Structures are given as C-alpha cells and as structure tokens.
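For reference, the structure discussed in these notes is given below.
Residue numbers (the numbering used here): 3 to 243.
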C-alpha cells in the first residue's frame with residue numbers, strides 16, 4: 003500500500019532554509035533604507051516627546067521633516083541601532099543609525115514640538131505682578147527645554163522680569179518672586195508655637211519674596227536671626243527643634 007504524506011523531503015527543507023536565509027540578508031536597498039529611516043524617525047520622535055515631558059508641556063504633538071540622509075555603502079546584515087546626536091535641539095534632531103555591514107547612516111530632521119502650556123494672555127510689562135487675567139492655557143510651540151510654569155502653579159507673589167509678549171509660554175526664566183520684604187525695611191517678627199503667639203519688631207537685612215529666608219535683626223535684643231517671609235513686612239523666625 004502506498005503511503006502519502008505532506009512532509010517534504012529533507013533536501014527540500016535544506017533548500018528552503020537557504021532561500022529564507024538569503025531573503026533575510028538580501029533585502030532590496032529600498033527596503034533597507036525604509037527600515038533605517040523608520041527607526042531614525044521613531045527615535046527622533048521619542049526623544050522629542052521626552053524633552054516635551056521634561057519641560058512640562060501637556061498633550062504634546064511632534065512634526066518631523068526628514069532632510070536627505072547621508073547613506074552608507076553596503077547592505078544591512080543585522081538589526082539597525084539608532085542613536086540621537088549630542089548636538090540635537092528641539093528644532094533639529096540628528097540621528098545616527100548603525101548596522102552590521104552598512105556602517106553608519108546619518109539622518110537630520112527639522113522638528114516642531116507643540117502642546118498645551120500656560121502662556122501670556124496679553125502683554126505683561128516688566129515688574130508687573132501676575133494675575134489670573136494675565137495667563138491662559140494655550141497651544142504653544144516649544145522652543146526651549148527649560149521648564150514651563152505648571153498648570154496648577156500659584157501666581158500669587160510672581161512678577162515678570164522683562165516684557166512678556168502675548169502668547170509667550172511662561173517659564174521660570176521670565177518670572178521672579180516679587181519681594182515682600184526689602185533690605186532696611188521694618189518688619190514684624192512673628193513666632194507661633196502651641197497656640198502661643200509672640201510678635202517683635204525688627205529690621206530686614208536682605209530683600210526676599212514669599213517663603214524665602216532672610217536675615218533679620220531683632221529690635222529688642224539686636225540679635226540677627228534667620229526668618230522666613232510669610233507676608234508683606236512679616237517674617238517667621240526659624241525655631242530650633
């Protein structure tokens with residue numbers, strides 16, 4: 003009786019294996035370029051999203067435009083590996099893709115990262131104290147990796163260092179704490195502990211804003227102490243435990 007089977011002869015399996023191996027290593031140059039380009043683009047996008055998250059940008063969106071790549075000779079024989087160039091910036095990202103047999107392929111992308119952030123709702127003059135009417139959440143373009151003002155940041159006590167144009171994202175570089183105590187100013191030194199309140203007149207020896215520490219001279223004892231600014235002209239002394 004003849005026995006029929008779908009199992010191919012061993013020689014056929016060996017031949018098929020050779021063909022599959024050849025197909026894996028002899029991808030067309032176009033297919034290899036597509037793989038490397040996709041990896042470079044994904045790496046650039048991931049790096050930009052990391053920068054956006056670090057700056058505090060919310061709901062980020064990334065746009066990339068690939069510039070002509072510097073192609074390497076040879077065929078890619080292994081899995082490509084991407085590396086972000088150390089000179090990459092938010093507007094231009096450089097990616098190097100390395101793979102066995104092809105050396106290094108260099109990619110350069112023009113980039114734009116946008117997202118939601120607190121921005122000036124109108125022009126803010128230098129030294130102007132911020133109010134809720136001065137800021138609004140807007141979709142902005144991220145041009146610097148410096149931290150943006152958090153969405154839940156308290157505006158009380160903040161003022162602009164310089165002119166801030168409408169639509170400019172708000173960040174620490176543009177803002178400062180408005181001084182509530184100035185050097186030479188008469189202040190009230192208020193100490194509270196276990197329901198007991200003691201108030202003594204003093205003189206500020208430094209300029210400071212809310213929650214900042216300042217040296218103060220006690221008006222009664224003449225002793226210089228360290229105190230925290232809690233309000234305009236009011237400080238709370240550091241209490242040793």
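Where a beta carbon is used, it is the ideal one built from N, C-alpha and C, also for glycine. Values in this document were obtained by computation on a predicted structure and should not be read as measured data.
- Looking only at 114, 133 and 192, the smallest Cα-Cα distance to residue 123 is reached by 133.
- For the options 174, 223, 92 and 241, the alpha carbon positioned closest to that of residue 160 is the one of 174.
- An exposed status is given to residue 197, since fewer than 16 other beta-carbon atoms sit within 10 Å of its beta-carbon.
- Your pair residue 99 and residue 86 does not check out as a contact, with CB atoms roughly 11 Å apart and the cut at 8 Å.
- When 223, 90, 191 and 240 are compared, the shortest CA-CA separation from residue 234 is found for 191.
- DSSP, read as helix, strand or coil, puts residue 91 in coil.
- Taking a C-beta distance under 7 Å as the contact criterion, residue 57 and residue 150 qualify as a contact pair.
- Within the same chain, and ignoring the five residues on either side of residue 63 in sequence, the residues whose Cβ sits closer than 8 Å to its Cβ are 115, 116 and 117.
- When secondary structure is reduced to three states using DSSP, residue 130 falls in the coil class, being assigned neither helix nor strand.
- Rounded to whole angstroms, the gap between the alpha carbons of residue 188 and residue 207 is 10 Å.
- Around the beta carbon of residue 84, a 10 Å sphere encloses 16 or more other beta carbons of the protein chains shown; the residue is thus reported as buried.
- Residue 136 sits in a helix when the DSSP states are folded into three classes.
- Pairing residue 184 with residue 205 gives a Cβ-Cβ distance that is not under 7 Å.
- Between residue 176 and residue 162 the beta-carbon gap is near 6 Å, inside 8 Å, which marks them as a contact.
- Rounded to whole angstroms, the separation of the alpha carbons of residue 37 and residue 107 is 12 Å.
- For residue 221 and residue 179, the gap between their C-alpha atoms comes out near 27 Å.
- Just measuring C-alpha positions, the residue of 144, 166 and 171 sitting nearest residue 153 is 171.
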